[in-house]
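Using this note's numbering, the first residue of the sequence shown is number 209, and each one after it goes up by one.
Glycine is no exception: its CB is placed at the ideal position from the N, C-alpha and C atoms.
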Amino acid sequence: MNEKMEINYNWKCDQETDIPQKHEEALKEDAEWQIFEMIKEGYYEGELYSSVIFGKDIVPEEDEDDGLTYSGWWSVTYNVGYHH
209 MNEKMEINYN WKCDQETDIP QKHEEALKED AEWQIFEMIK EGYYEGELYS
259 SVIFGKDIVP EEDEDDGLTY SGWWSVTYNV GYHH
């Protein structure tokens, strides 16, 4: 049996600015963690939320004033019988 799983997601900055390049890796890691947690719970799509301190890593919600906040959306599709 072959199965292919495709995950799509996007982020936007809630402060309506471009996403700084130095935040992209932290957002990628946070999206992957959130998505895989939701997939384990049986979801196929959902919302993403995150905060990044200026130039630092992901921060708790109570520290959002020290960085930028982001929101996004993700979805997963499965292709059963995928042939490579």
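Secondary structure of residue i, DSSP reduced to three states
| i | result |
| --- | --- |
| Glu249 | coil |
Beta-carbon spacing of residue i, residue j below 8 Å
| i | j | result |
| --- | --- | --- |
| Asn216 | Trp282 | yes |
| Ala234 | Leu256 | no |
| Val284 | Ile247 | yes |
Burial state of residue i, where buried means 16 or more other Cβ atoms lie within 10 Å
| i | result |
| --- | --- |
| Val260 | buried |
| Ser279 | exposed |
| Gly275 | buried |
| Trp241 | exposed |
Residues that DSSP places opposite residue i in a beta bridge
| i | result |
| --- | --- |
| Ile227 | None, per the DSSP bridge assignment. |
| Lys236 | Its beta-bridge partners do not exist; DSSP assigns none. |
| Ile215 | Val284 |
Residues of its chain near residue i, where Cβ-Cβ distance is below 7 Å and the 5 sequence neighbours each way are ignored
| i | result |
| --- | --- |
| Glu237 | none |
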